[in-house]
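>
Numbering (the UniProt record's numbering), first residue to last: 1 to 230.
Put into C-alpha cells, the structure is as follows:
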C-alpha cells in the first residue's frame, strides 16, 4: 500500500498472491466486503514479537530444514494437500461456506470476462507459473482466485481462535493493522491522506478496509509489475 499525504509520501507496501486489473474502487462497491474498522478498546491490543520473521523462515537451521522438505516433491504434495484441508476444515467448523462461496464464483459469469482481460503477448517469468500454496497452476490459478475469500476468512479465524465469529476476527485483525497504519501516518506526516495506491492487492480485502478507514482518499488498485520482480 502507498498512502500519500498533501506534502509527503508514506510507503506502506503490502503484496498479494492474486491478480488485479488496474482501476479504482468505487464507493458504491466497497460495501461488498465491508467490515467497519474499530479503534476502540474492543479490538485486541496489538503485540509485537521479538522475531523479525517466523523461525521457519530465513536462514536458520529450521528454515533450511523446512526448505529441504518442501523441495522434495512427493512430500510437498502431501503437505500441500494437508494445508488446504486444514483451511477447509477450519472453515467448516466456523460456519464459513467454503464450497458455496467458491462455486458462486466459478459458476458466475466470470469466465465471460476472460477474453477481455487476457493479454496473450505477456511472457510470464518461470517462477510465476510454479506451484504456489496449494495450487499447481500457481499465481494464475482460477480456483485459487475463487477460493481466496473463504481461505482468507479461515486464516483469520485461525489467527484469532477466541473470536466468536468471522466479523469479530476481521475486526481484530484489520483493526490492529489499520491502527498501526494510522499511528505511522500521524507520527511521520499527519497531513490528510489524499491517495491510496494498493500494488499487488489480491482481491482487495485490505484495500477496502483502507477505503473505509480513510473515506476522503482516492483509492487506486494496480496489478503488480510482474516483469520487475526478482
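The C-beta atom is built at its ideal place from N, Cα and C for all residues, glycine as well.
So, with DSSP's three-state summary, where would you put residue 154?
The count along the chain shown starts at 1 and reaches residue 154 at position 154. In the structure shown, residue 154 sits in a helix (DSSP, three-state: H, G or I).
> What ranges does the alpha helix (DSSP H) occupy inside the region 164 to 225, keeping only unbroken runs of at least 4 residues that lie completely in it?
Correct list: 166 to 188, 205 to 213.
> Just to confirm before moving on: does the CB-CB distance between residue 148 and residue 203 stay below 8 Å?
For this step, residue 148 is matched to residue 148 along the chain shown. For this step, residue 203 is matched to residue 203 along the chain shown. Yes, they are a contact pair.
> In whole angstroms, what separates the C-alpha of residue 159 from that of residue 189?
Within the chain shown, numbered from 1, the residue matching residue 159 stands at position 159. Within the chain shown, numbered from 1, the residue matching residue 189 stands at position 189. Whole-angstrom Cα-Cα distance: 31 Å.
> Rank 193, 194, 211, 192 by C-alpha distance to the C-alpha of residue 201 and give the top, closest one.
The count along the chain shown starts at 1 and reaches residue 201 at position 201. Checked all of 193, 194, 211, 192; the closest Cα to residue 201 is 211.
> Does DSSP classify residue 48 as helix, strand or coil?
As a first step, residue 48 must be located in the chain shown, where it is residue number 48. In this prediction, residue 48 scores a pLDDT of 49, lower than 50, which makes its location untrustworthy; no coordinate-derived value is stated.
> So does the region 126 to 144 actually touch the region 70 to 86, counting three or more Cβ pairs closer than 8 Å?
The region 126 to 144, when compared against the region 70 to 86, does touch it at the 8 Å Cβ threshold.
> Could you check the C-alpha separation between residue 163 and residue 79 for me, to the nearest Å?
Counting from 1 along the chain shown, the entry for residue 163 is found at position 163. Counting from 1 along the chain shown, the entry for residue 79 is found at position 79. Each residue's Cα considered, the two are about 27 Å apart.
> To which residues of the same chain is residue 207 closer than 7 Å at the C-beta, ignoring the five residues directly before and after it?
Locating residue 207 in the chain shown gives position 207, counting from the first residue. Excluding residues within five positions, the ones whose Cβ falls inside 7 Å are 25, 198, 201, 219, 221.
> Starting from residue 128, follow its DSSP beta bridges and name the residues at the other end.
As a first step, residue 128 is located in the chain shown; it is residue number 128 there, counting from the start. The partner list for residue 128 (beta bridge, DSSP) is empty, contrary to what the question assumes.
> Starting from the Cα of residue 214, find the closest Cα among 205, 61, 178 and give me that residue.
Along the chain shown, one-based indexing puts residue 214 at 214. Answer by Cα proximity: 178.
> Give me the Cβ distance between residue 150 and residue 96, rounded to the nearest whole Å; I'm assuming they're in contact under 8 Å.
Here residue 150 refers to the residue found at position 150 when the chain shown is read from its first residue. Here residue 96 refers to the residue found at position 96 when the chain shown is read from its first residue. That pair is a contact at about 5 Å.
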